[in-house]
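Undergrad: Numbering (the working numbering), first residue to last: 237 to 478. I'd like to ask some things about the structure below.
Quick look at the structure:
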């Protein structure tokens, strides 16, 4: 993405923003609420129109259309569809043939996120955390090379969050991931690199490159030091946004 600009409420949310994602890497984006992280994901996903001159493309120069799986903050489950069919929703909307192999993969993903006994459950019968797990399974089912995730684990209890972070790291290995989170530990555990977004108009700070293979052990002393550094960066960003 090059020279990206976007308005919100008549004011520039960000302008002349550049972001390059290395193929197969996991990038986390942190920053104060309202700074534009979600809007940036939506711009990349093609859901909002950027300023003229904004370039969003793959490294091969091709369009992103058809290469993206997007997990929004809201689960966006269709209330009349059971969990299994919500996972298959993207394929249905594309009018793809849903064969036995596709259904088996959807069942397997729901089992991996801990909902193997909830295949026929409607969204109204699921908790907020369970609904988020269905949305994660749906995103993983898409198997796209670029995955955009907006706070994908925010509704989960601590143990489930830890487990599904590890699952996402396993199943998205090799994909290019851009992940918005408010949790510094989550970013440090999963990302190959991370950015803090701050300011008005917003800008991206220097990349923080992390060593080691995700998912990392958050109890490691080296990660605790990085956590302290990241908190300082976030505090500076919050002051800039005030």
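Each residue gets a CB set at the ideal place from its N, CA and C atoms; glycine is no exception.
Under the three-state reduction of DSSP, which class applies to residue 282: helix, strand or coil?
TA: The answer is coil: DSSP assigns residue 282 none of H, G, I, E or B.
Undergrad: What first and last residue would you give for the alpha helix (DSSP H) that runs through residue 248?
TA: Segment 247 to 253 is the beta strand (DSSP E) holding residue 248; no alpha helix (DSSP H) there.
Undergrad: Should residue 344 be labelled buried (16 or more other beta-carbon atoms within 10 Å of its own) or exposed?
TA: Residue 344 should be labelled exposed.
Undergrad: Are there 16 or more other CB atoms within 10 angstroms of the CB of residue 416, so buried, or fewer, so exposed?
TA: So residue 416 counts as buried.
Undergrad: Since residue 450 and residue 425 should fall inside the 8 angstroms C-beta cutoff, what is the C-beta to C-beta distance between them, to a whole number of angstroms?
TA: Contact flag correct, Cβ pair sits at about 6 angstroms.
Undergrad: Give me the Cα-Cα distance between residue 242 and residue 275, rounded to the nearest whole angstrom.
TA: Straight-line Cα distance between these residues: approximately 8 angstroms.
Undergrad: Which term fits residue 466, buried or exposed, when burial requires 16 or more other beta carbons within 10 angstroms of its beta carbon?
TA: The residue in question, residue 466, is buried, as its Cβ has 16 or more Cβ neighbours within 10 Å.
Undergrad: Could you compute how far the alpha carbon of residue 391 sits from the alpha carbon of residue 368?
TA: Answer to the nearest angstrom: the Cα atoms are 7 angstroms apart.
Undergrad: Is the beta carbon of residue 240 sitting closer than 7 angstroms to the one on residue 253?
TA: Cβ atoms of residue 240 and residue 253: closer than 7 angstroms.
Undergrad: How big is the Cα-Cα spacing for residue 464 and residue 353?
TA: Roughly 41 angstroms between the two C-alpha positions.
Undergrad: Residue 262 by DSSP, collapsed to three states: which one?
TA: Residue state, collapsed to three classes: strand.
Undergrad: Note down, in chain order, each residue of its chain lying with its Cβ closer than 8 angstroms to the Cβ of residue 443, except the 5 sequence neighbours on either side.
TA: Here the set comprises 429, 430 and 431.
Undergrad: Would you call the stretch 258 to 268 and the stretch 400 to 420 touching, i.e. three or more CB-CB distances under 8 angstroms?
TA: Contact between the stretch 258 to 268 and the stretch 400 to 420 is present, because at least three Cβ pairs lie under 8 angstroms.
Undergrad: By how many angstroms is the C-alpha of residue 287 removed from the C-alpha of residue 371?
TA: The straight-line gap from Cα to Cα measures roughly 30 angstroms.
Undergrad: Using the Cα positions of residue 435 and residue 247, report the straight-line distance between them to the nearest angstrom.
TA: If I take the Cα positions, the gap works out to 13 angstroms.
Undergrad: If you compare alpha carbons, which of 273, 314, 438 and 410 is closest to residue 361?
TA: Closest option to residue 361, Cα to Cα, is 314.
Undergrad: Check the DSSP bridge columns for residue 244 and list the partner residues they point to.
TA: Residue 244 pairs with 247.
Undergrad: State yes or no: is the C-beta of residue 301 within less than 7 angstroms of the C-beta of residue 380?
TA: No, the Cβ-Cβ distance between residue 301 and residue 380 is not below 7 angstroms.
Undergrad: How big is the Cα-Cα spacing for residue 260 and residue 407?
TA: Taking the straight line from one Cα to the other gives about 12 angstroms.
Undergrad: Please report the residue range of the alpha helix (DSSP H) in which residue 395 lies.
TA: Per DSSP, residue 395 belongs to the alpha helix (DSSP H) from 394 to 407.
Undergrad: Excluding the 5 residues preceding and the 5 following residue 271 in the sequence, name in chain order all residues of the same chain whose CB lies nearer than 7 angstroms to its CB.
TA: Contacts found: 433, 434, 438 and 477.
Undergrad: Mind checking residue 445: buried by the 16 CB within 10 Å criterion, or exposed?
TA: Exposed.
Undergrad: Let me confirm a value: residue 244 is counted as buried when at least 16 other C-beta atoms fall within 10 Å, else exposed. Which label applies?
TA: Exposed, because fewer than 16 other Cβ atoms sit within 10 Å of the Cβ of residue 244.
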